[in-house]
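Residue numbers (full-length UniProt numbering), protein chains in the order written: chain A, 1 to 390; chain B, 1 to 280. Worksheet for the structure shown next.
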Amino acid sequence: MKCLVTGGNVKVLGKAVHSLSRIGEELYLEPMEDGLSLRTVNSSRSAYACFLFAPLFFQQYQAAAPGQEALRCKILMKSFLAAFRSLATVEKSVEKCCISLNGRSSRLVVQLHCRYGVRKTHNLSFQDCESLQAIFDPALCSHVLRAPARVLGEAVLPFPPALAEVTLGIGCGRRVILRSYQEEEADSSIRAMVTEMSIGEEDFQQLQAQEGAAITFCLKELRGLLSFAESANLSLSVHFDAPGRPAIFAVKDSLLDGHFVLATMSESDLHSPALCSPEPHRLVPPLQAHSTPHLDDFANDDIDSYMIAMETTVDSEGSRAGPSIPLSPGLRPPCSPGPYSEDNDAEPSTEPGTPPPKKFRSLFFGSILAPAHSPPGPSPVLAEDSEGEG
Amino acid sequence: MKFRAKIVDAACLNHFTRVSAMIAKLAKTCALRISPQKLNFILSDKVASGGVSMWCELEQENFFSEFQMEGVSTENNAIYLELTSENLSRALKTAQNARALKVKLTNKHFPCLTVSIELLSVSSSSRIVTHDIPVKVIPRKLWKDLQEPTVPDSDVSVYLPVLKTMKSVVEKMRNLSNHLIIEANLSGDLNLKIETELVCVTTHFKDLGNPPLASEDASQDRDPAQMAEVHIDIRKLLQFLAGQQVNPTRAVCNIVSNKLVHFDLLHEDVSLQYFIPAFS
């Protein structure tokens with residue numbers, strides 16, 4: 001693979017890497033015919049992010065040497081980020097950036113051609129990997145809202161940077177509401193301040209959702225995409241469905257597109273009152289989900305049961321012992337979530353190096369039930385390098 | 001108990017935001033007293049504050065275009081609330097470009113001070129930010145601890161130097177010792193001293209001026225050059241100085257020898273009194 005980025009696009013690439021770095025610790029690079037894809041997923045698999053840079057984004061783009069398979073790799077996020085650490089410096093002094101990977105060398109080379117003939121070369125070690133893919137389709141989400149990133153950037157300003165979860169939804173009068181989400185404290189003496197931002201429908205380019213629709217997700221994970229979209233002056237669209245179903249945040253322009261898919265809290269987790277309640281002090285039950293009876297199945301799924309291996313890399317490491325799980329959902333026997341629910345709860349604490357148990361279940365390992373039970377539309381599924389699993 | 005108030009003037013809003021930022025730096029948790037004419041931020045000298053106490057007062061009509069309150073009862077027409085001052089400060093900071101700000105006492109499963117801000121927006125639609133600050137209603141039996149402190153008869157009263165200068169000096173001294181001696185006399189001299197085994201450091205401020213004496217008799221006998229001193233914890237002084245982002249309109253330091261130091265500040269129309277006790 002060999003690609004050359006020049007001019008202002010170097011900073012755009014850098015900014016994209018910065019926003020990906022807010023999500024995961026490993027960056028998956030996959031050069032494809034339709035562009036270079038940079039992807040990452042967080043350790044609890046509740047957030048997935050992907051940027052696809054079209055060939056036209058690059059001054060030169062070659063996905064693979066002629067006659068060879070495209071190589072994909074994963075590298076440590078912080079190693080790749082080191083090349084783009086200071087965006088101000090990148091903007092000022094980097095003229096060209098060349099990223100190359102060839103099968104013979106064991107390094108991914110990121111070379112920055114800077115002013116005054118200075119050349120900075122980063123030789124990054126990488127691991128071959130399987131393709132990291134989440135299957136999601138924004139078109140299948142029942143609710144969409146779209147606004148210039150600046151509107152959403154301003155909308156999150158009142159919230160403290162440390163705030164984890166936020167609820168986004170449609171309130172009375174078709175106003176878009178963002179509210180800080182608080183776990184119900186057992187110790188009621190220490191309560192946190194609740195902040196709510198309400199924006200009129202007119203500020204949105206598209207608002208296709210009914211009053212009462214709402215999702216709760218991790219704001220921290222979105223901030224990276226928000227800041228990217230703001231600096232690139234793009235519109236951000238939010239596609240969401242019932243609580244518990246992942247929400248898709250997307251930006252698009254002629255040269256690139258970005259998707260951040262974040263898990264949302266399911267019905268059973270939510271404590272916050274409805275967004276559209278006439279009298280604030282009256283406790284209104286949380287939003288009613290759409291009638292998807294197996295919604296809870298997603299929350300209880302054990303990831304190991306549902307991991308699906310995608311194409312393995314075609315090289316000497318073909319002999320990996322991955323679980324032989326068929327690709328198509330139809331072939332998989334239905335699994336009852338019951339016995340796995342305890343496992344799932346224990347899962348975050350048993351894996352070494354995972355962050356403290358998060359409220360979001362692993363979003364991607366939705367139940368791949370037989371067609372008779374499957375929910376409308378494909379459930380988002382994440383394929384992961386089974387070999388890399390601890 | 002009812003309380004609702006509104007600010008529409010940008011200058012008033014900025015001033016109120018600055019006051020709340022100052023309070024947030026001075027006390028993590030404080031009491032807010034709402035009465036028909038005034039708002040007070042109070043820190044009483046309990047163990048939790050290390051003996052430090054604070055009384056900040058502002059006239060509500062200097063800030064609010066609308067102000068309505070109904071206290072606990074007609075004889076006790078006041079509301080005492082306990083809140084985390086940083087919450088109020090953070091809420092007000094989001095009101096940078098506000099068209100109007102409303103504050104009211106609400107009950108959303110628990111008592112809150114709800115700050116509702118209507119932001120100026122480029123587009124025709126308005127944007128509204130609402131903050132629900134959880135508060136605790138302080139019962140009447142505890143009100144006696146939250147009354148205006150009596151200003152003690154001080155031995156010396158002196159005007160303070162530029163607070164920023166004082167803060168940078170005290171910050172450096174803090175590295176040497178926690179024990180600071182603050183002394184002043186009626187000739188306009190103020191000294192800050194650190195004395196350790198290895199080193200003594202004194203910063204002298206001269207020609208500060210002394211406010212006119214309240215009562216002639218007691219202080220007439222005092223030798224103008226004689227210093228009145230107090231030994232205090234330097235960290236408490238530093239915390240006080242850290243809260244003063246803007247130089248006050250008027251700043252007086254009253255020293256009661258070996259007992260306490262009392263800072264009496266006026267920020268435009270907001271008065272702040274801060275008491276630091278001597279080391280016991």
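No residue lacks a Cβ here, since even glycine has one placed at the ideal position from N, Cα and C.
Query raised in the report: Cβ atoms of I117/B and T150/B: under 8 Å apart, would you say?
Result: Start at 1 with the first residue of the second sequence, and residue 150/B comes out as number 150. Start at 1 with the first residue of the second sequence, and residue 117/B comes out as number 117. Note that the C-beta distance between T150/B and I117/B is not below 8 Å.
Query raised in the report: Under the rule that 16 or more other beta-carbon atoms within 10 Å means buried, what is V103/B, buried or exposed?
Result: By one-based count along the second sequence, residue 103/B stands at place 103. V103/B should be labelled buried.
Requested in this report: Indicate whether the contact test is met: 3 or more Cβ pairs, each with one atom in the stretch 266–278 of chain B and one in the stretch 43–62 of chain B, closer than 8 Å.
Outcome: Yes, since at least three Cβ pairs between the stretch 266–278 of chain B and the stretch 43–62 of chain B fall closer than 8 Å, the two stretches touch.
Query raised in the report: How would you call L295/A, buried or exposed, if buried means at least 16 neighbouring beta carbons within 10 angstroms?
Result: The residue you call residue 295/A lines up with position 295 of the first sequence. For L295/A, the predicted model reports a pLDDT of 30, less than 50, meaning its position is unreliable; a value from the coordinates is still stated below. Looking at its Cβ environment, which holds 16 or more other Cβ atoms inside 10 Å, L295/A is buried.
Query raised in the report: Just to confirm, are F240/B and F205/B a CB contact at a threshold of 8 Å?
Result: Taking the first residue of the second sequence as position 1, residue 240/B is located at position 240. Taking the first residue of the second sequence as position 1, residue 205/B is located at position 205. The answer is no: Cβ separation not under 8 Å.
Requested in this report: Decide yes or no for the touch test of the stretch 167–179 of chain A against the stretch 207–217 of chain A: beta carbon pairs closer than 8 Å, at least 3 of them.
Outcome: The stretch 167–179 of chain A vs the stretch 207–217 of chain A: in contact.
Query raised in the report: Considering only C-alpha positions, which residue in the set F249/A, R104/A and P160/A is nearest to S235/A?
Result: Working through the first sequence from its first residue, we reach residue 235/A at position 235. Residue F249/A is the option with its Cα nearest to S235/A.
Query raised in the report: Under 8 Å between C-beta atoms, does S198/A make it to chain B?
Result: Numbered from its first residue, the first sequence carries residue 198/A at position 198. At least one CB of chain B lies nearer than 8 Å to the CB of S198/A.
Requested in this report: State the CB to CB distance for the pair C73/A and F126/A, rounded to an integer number of angstroms; the pair is presumed to be in contact (CB under 8 Å).
Outcome: Within the first sequence, residue 73/A is the residue found at index 73, counting from 1. Within the first sequence, residue 126/A is the residue found at index 126, counting from 1. Right, the Cβ-Cβ distance comes to about 4 Å (below 8 Å), so this counts as a contact.
Query raised in the report: Name the DSSP bridge partner or partners of residue 291/B?
Result: Since the displayed chain B opens at 1 and closes at 280, residue 291/B lies outside it and no answer follows.
Query raised in the report: Shortest alpha-carbon distance to G7/A belongs to which of R107/A, K92/A, Y48/A and G224/A?
Result: Within the first sequence, the letter at position 7 stands for residue 7/A. The option with the nearest alpha carbon to G7/A is K92/A.
**Report entry** residue 401/A: contacting residues in chain B (beta-carbon distance under 8 Å)
**Finding:** This structure cannot speak to residue 401/A, because chain A is shown only from 1 to 390.
Requested in this report: Select from M77/A, L157/A, S86/A and L38/A the residue whose C-alpha is nearest the C-alpha of R90/B.
Outcome: In the second sequence, counting from the first residue as 1, residue 90/B sits at position 90. R90/B has its Cα closest to that of L157/A, out of M77/A, L157/A, S86/A and L38/A.
Requested in this report: Run the proximity test for S257/B: is its beta-carbon closer than 7 Å to any non-hydrogen atom belonging to the ligand SAM?
Outcome: Inclusion of the ligand SAM in the displayed structure is not the case, the ligand content being empty and no account of it being possible.
Query - L20/A beta carbon less than 8 Å from that of residue 443/A - result: The structure shown does not extend to residue 443/A, since chain A spans only 1 to 390, so no value can be given for it.
Requested in this report: Give the C-beta separation of N254/B and L163/B to the nearest angstrom, bearing in mind that I take them to be a contact with Cβ-Cβ under 8 Å.
Outcome: Numbered from 1 along the second sequence, position 254 holds the residue referred to as residue 254/B. Numbered from 1 along the second sequence, position 163 holds the residue referred to as residue 163/B. So it is not a contact: roughly 16 Å between Cβ atoms.
Query raised in the report: If we ignore side chains and look at the alpha-carbon of each, how far apart do S35/B and T165/B end up?
Result: For the purposes of this step, residue 35/B is taken as the residue at position 35 of the second sequence. For the purposes of this step, residue 165/B is taken as the residue at position 165 of the second sequence. For S35/B and T165/B, the distance between alpha carbons rounds to 36 Å.
Query raised in the report: Closer than 7 Å, Cβ to any Cβ of chain A: which residues of the stretch 113–135 of chain B, in chain order?
Result: Answer in chain order: S123, S124, S125, S126, R127, I128, V129, T130, H131, D132, I133 and P134.
Query - Terminal residues of the beta strand (DSSP E) in which H231/B lies - result: Here residue 231/B corresponds to residue number 231 of the second sequence, with the count starting at 1. A228 to D233 is the span of the beta strand (DSSP E), which, as asked, contains H231/B.
Query raised in the report: With a CB to CB cut of under 6 Å and the five nearest residues on each side skipped, what residues in its chain are close to Q60/A?
Result: Counting from 1 along the first sequence, the entry for residue 60/A is found at position 60. Answer for Q60/A: L4, listed in chain order.
Query raised in the report: Is F240/A closer than 8 Å to H143/A when the C-beta atoms are compared?
Result: Sequence index remark: in the first sequence, residue 143/A carries index 143 (1-based). Sequence index remark: in the first sequence, residue 240/A carries index 240 (1-based). Taking a C-beta distance under 8 Å as the contact criterion, H143/A and F240/A qualify as a contact pair.
Query - Where I255/B falls: helix, strand or coil (DSSP) - result: Along the second sequence, read from residue 1 onward, the residue named residue 255/B stands at position 255. Of the three classes helix, strand and coil, the one that applies to I255/B here is strand, per DSSP.
Query raised in the report: Starting from F249/A and walking both ways along the beta strand (DSSP E), at which residues does that stretch end?
Result: Along the first sequence, one-based indexing puts residue 249/A at 249. Its beta strand (DSSP E) spans residues A247 to K252.
Report task. Pull up the CB-CB distance for G103/A and Q68/A, whole angstroms please, since I reckon it's below 8 Å. Result -> Reading the first sequence from its first residue, position 103 is the one you call residue 103/A. Reading the first sequence from its first residue, position 68 is the one you call residue 68/A. Indeed they touch by this definition, with Cβ atoms about 7 Å apart.
Requested in this report: Look at the Cβ atom of E196/A, then the Cβ atom of T74/B, and state whether they are nearer than 8 Å.
Outcome: Looking up residue 196/A in the first sequence gives position 196. Looking up residue 74/B in the second sequence gives position 74. For E196/A and T74/B, no; Cβs fall outside 8 Å.
Query raised in the report: Quick one: does P285/A have its CB under 8 Å from some CB of chain B?
Result: In the first sequence, the residue the question calls residue 285/A occupies position 285. With a pLDDT of only 30 at P285/A, under 50, the local geometry of the prediction cannot be trusted, and the value read off the model is given with reservation. Taking CB atoms only, P285/A has no neighbour in chain B less than 8 Å away.
Query raised in the report: CA-CA distance, V238/A and A247/A?
Result: Along the first sequence, one-based indexing puts residue 238/A at 238. Along the first sequence, one-based indexing puts residue 247/A at 247. Cα to Cα, the separation comes out at about 7 Å.
Query - Near-chain A residues of the stretch 11–30 of chain B (beta-carbon distance less than 9 Å), N- to C-terminal order - result: Going along the stretch 11–30 of chain B in chain order, one finds no residue with a Cβ nearer than 9 Å to chain A.
Query raised in the report: Do you know how far the Cα of L13/A is from the Cα of I128/B?
Result: Position 128 of the second sequence holds residue 128/B. Position 13 of the first sequence holds residue 13/A. Roughly 35 Å separates the two Cα atoms.
Requested in this report: Using a threshold of 8 Å, state whether the C-beta atoms of L140/A and V176/A are closer than that.
Outcome: Here residue 140/A refers to the residue found at position 140 of the first sequence. Here residue 176/A refers to the residue found at position 176 of the first sequence. No, these two residues do not count as a Cβ contact at 8 Å.
Requested in this report: Return the first residue and the last residue of the alpha helix (DSSP H) that A24/B is part of.
Outcome: Numbered from 1 along the second sequence, position 24 holds the residue referred to as residue 24/B. Per DSSP, A24/B belongs to the alpha helix (DSSP H) from A10 to L26.
Query - The alpha helix (DSSP H) enclosing G8/A, as first and last residue numbers - result: Here residue 8/A corresponds to residue number 8 of the first sequence, with the count starting at 1. Here the alpha helix (DSSP H) through G8/A covers G8 to S21.
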